[in-house]
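Be aware that the sequence shown starts at 946, since it is given in my numbering, and climbs by one per residue.
See below for the structure under consideration.
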Amino acid sequence: MSEHNDDAEKEKKSNEEAANSSSEQEEVEHSDMEKIRKYLAQMLRLSDSSNYDEQSQQRVLRELSIDGVVDYIKENENCKIITMAGAGISTSAGIPDFRSPSSGLYHNLEKYNLPHPQAIFELDFFMENPEPFFTLARELLPEGFKPTPCHYFIRLLWEKGLLLRHYTQNIDTLERMAGLPPEKLVEAHGTFHTGRCLKCRAPYTLSWMKEKIMEGVVPKCEECNEGVVKPDIVFFGEMLPERFHFLADRDFAQADLLIIMGSSLVVQPFASLVDRVRSNCPRLLINKEKVGMQDRLSRLLGLRHGLIFDTRSSHGGRDVAWLGDCDTGCQLLAEKLGWGDELKELVKKEHERLSAETNAETSKD
Ligand code: OAD
């Protein structure tokens, strides 16, 4: 009996030890995983979902619709709005976006014989073979394009004192042309506005680069006579401007409303900015399709939530998707805010002004 008891005691003890060691093992694994997740979140400057405040997940919008967002803006007198944009806000100006099926730039690059469509914006490829980029640049140069009603809506937000900052991935300079002041603008993927020699870093203006590009020659540096002059567009393989990181760190934590327009939200780190607003900050997407939801890798690593249109989710209840054309969405928003006629008038006046400027320049030539 006592022997049996001893055996049972031993077995119990060894089971307990095994259980302890397996739970210790699990704890170690869990904490390793947690460390990796935290490290990744820090490196990628993503929001860390473990810090997600469940308490603050109460409904912040009266209803999850554009009307709910309009009420929210009207009720928050000093509402600090951040707008985020991609190529979709410029398509009605005649500039193609990147990923739309058939009309997107990446679907129409066969003639350049690229290893893959994105190579045209990859630094390594450009260093070896800059011709395809400059051939394409002739079509993409910000010339003759006019900002869209969506661009002027962003300007109205600024004029009304509601715009904290506009973050754009676009390189077409249409935000500047629409009259948005430089301090309100973050050109996350750089701009065509200026350029630089890749060898000696000598700076060049858009008009200098434009002349060469239109002549069909690769712009070569006149200082060192060696380097190719590349517009200050952020290529894949290059860092985003310091201004992007500096201001994003500051702005997103203070925003009261985020409006995302015309982007597929697939290019990082821009896409993850949506996770950097406070957990009770409403987010309105104005786009042809739903985008920016959590991807599988992030779900696996518990890294970012992305936009959550599913109201059953515990983190849902603040995101609204208005699906359709950006200009129509912005006009609708402006009308509901009581600025409909003002926006139409601004677009008309500014388009007339830009046409008159172009005519004056053409008659000078
Ligand atoms: P994409 O082409 O990836 O996405 C454009 C999004 O806008 C898609 O979801 C379209 O459905 C939508 N869209 C197009 N026209 C629209 C319209 N008139 N109204 C509403 N929605 C519309 O463009 P981006 O998200 O800007 O990077 O792409 C991000 C980055 O990928 C670019 O900045 C570029 C590219 O590689 C670099 O060049 C570094």
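C-beta: ideal position from N, C-alpha, C; glycine also.
So, under 8 Å CB-CB, Asp1201 and His1250 are touching, yes? Tell me the CB distance rounded to an integer number of Å. Counted from its first residue, the sequence shown places residue 1201 at position 256. Counted from its first residue, the sequence shown places residue 1250 at position 305. No, Asp1201 and His1250 are not in contact; Cβ-Cβ is about 19 Å, not under 8 Å.
Of the residues Arg1083, Cys1145, Leu1242, the one placed nearest Met1154, counting alpha carbons only: Residue numbering aside, residue 1154 sits at position 209 when the sequence shown is read from its first letter. Ranking Arg1083, Cys1145, Leu1242 by Cα distance to Met1154 puts Arg1083 first.
So, Asp1272 versus Pro1094, is the Cβ gap smaller than 8 Å? On the sequence shown, residue 1272 is found 327 positions in, with the first residue counted as 1. On the sequence shown, residue 1094 is found 149 positions in, with the first residue counted as 1. Against a cut-off of 8 Å, the Cβ pair of Pro1094 and Asp1272 comes out as a contact.
Taking Glu1132 as part of the beta strand (DSSP E), name the residues at either end of that continuous run. The residue given as residue 1132 occupies position 187 in the sequence shown. 1130-1132 is the extent of the beta strand (DSSP E) around Glu1132.
Would you say the region 1157-1170 touches the region 1203-1215, given that touching needs at least three Cβ pairs under 8 Å? no
Measure the CB-CB distance between Asp1117 and Pro1075 and report whether it falls below 8 Å. For the purposes of this step, residue 1117 is taken as the residue at position 172 of the sequence shown. For the purposes of this step, residue 1075 is taken as the residue at position 130 of the sequence shown. It is not a contact, given that the beta carbons lie outside the stated cut-off.
Cross-strand partners of Lys1157 (DSSP beta bridge): Taking the first residue of the sequence shown as 1, we reach residue 1157 at position 212. Partner(s): none; Lys1157 has no beta bridge.
The alpha helix (DSSP H) that contains Asp1012, what's its start and end? Position 67 of the sequence shown, counting from 1, holds the residue named residue 1012. Run containing Asp1012: 1011-1020, per the alpha helix (DSSP H) assignment.
Bridge partners - Glu1165, DSSP secondary structure assignment: One-based indexing of the sequence shown puts residue 1165 at position 220. With the sequence shown as reference, residue 1165 is identified as Lys, and Glu is not the correct amino acid for it. Its beta-bridge partners are Val1173.
Where in the region 1198-1235 do unbroken runs of the beta strand (DSSP E), each at least 3 residues long, occur, reported from the N-terminal end onward? 1202-1206, 1228-1232
I need the DSSP call for Glu1062, collapsed to helix, strand or coil. On the sequence shown, residue 1062 is found 117 positions in, with the first residue counted as 1. In the sequence under discussion, the amino acid at residue 1062 is Pro, which differs from the Glu named in the question. Helix, per DSSP.
Could you give the first and the last residue of the continuous beta strand (DSSP E) run that contains Pro1148? By one-based count along the sequence shown, residue 1148 stands at place 203. Pro1148 -> beta strand (DSSP E) spans 1148-1150.
Is Ala1123 buried or exposed, if buried means 16 or more other CB atoms sit within 10 Å of its CB? Against the sequence shown, residue 1123 aligns to sequence position 178. Buried, because 16 or more other Cβ atoms sit within 10 Å of the Cβ of Ala1123.
Report the partner residues of Thr1139 according to the DSSP bridge assignment. Along the sequence shown, read from residue 1 onward, the residue named residue 1139 stands at position 194. In the DSSP output, where bridge partners are listed per residue, Thr1139 has Thr1150.
What I want to know is whether the C-beta of Asp1270 ends up closer than 7 Å to one or more non-hydrogen atoms of ligand 1. Locating residue 1270 in the sequence shown gives position 325, counting from the first residue. Yes, since a heavy atom of ligand 1 falls inside the 7 Å radius drawn around the Cβ of Asp1270.
Nearest candidate by alpha-carbon position, reference Gly1135, set Arg1241, Ala1147, Arg1121: Within the sequence shown, the letter at position 190 stands for residue 1135. Of Arg1241, Ala1147, Arg1121, the residue nearest in Cα terms is Arg1121.
Decide if the region 1179-1198 is in contact with the region 1229-1244; the criterion is three or more beta carbon pairs, one per stretch, under 8 Å apart. no
Under 7 Å: does the beta carbon of Val1219 sit that close to some heavy atom of ligand 1? Within the sequence shown, the letter at position 274 stands for residue 1219. Checking every heavy atom of ligand 1 against the Cβ of Val1219, none is found closer than 7 Å.
Expected contact under 8 Å - CB spacing of Ile1205 and Leu1242 to nearest Å: By 1-based counting over the sequence shown, the position of residue 1205 is 260. By 1-based counting over the sequence shown, the position of residue 1242 is 297. Not quite, the Cβ-Cβ distance comes to about 21 Å (not below 8 Å), so this is no contact.
Taking all protein chains shown into account, do 16 or more other C-beta atoms lie within 10 angstroms of the C-beta of Ala1064, making it buried, or fewer, making it exposed? Reading the sequence shown from its first residue, position 119 is the one you call residue 1064. Classification of Ala1064: buried, given that the 10 Å Cβ count is 16 or more.
Sequence-distant residues of its chain with Cβ nearer than 6 Å to Ile1099 (five each side left out): Residue numbering aside, residue 1099 sits at position 154 when the sequence shown is read from its first letter. Thr1028, His1111, listed in sequence order.
Flag this pair as yes or no: are the beta carbons of Asp1278 and Val1015 separated by less than 8 Å? Translated into the one-based positions of the sequence shown, residue 1278 becomes position 333. Translated into the one-based positions of the sequence shown, residue 1015 becomes position 70. Note on residue identity: the sequence assigns Leu, not Asp, to residue 1278. Yes.
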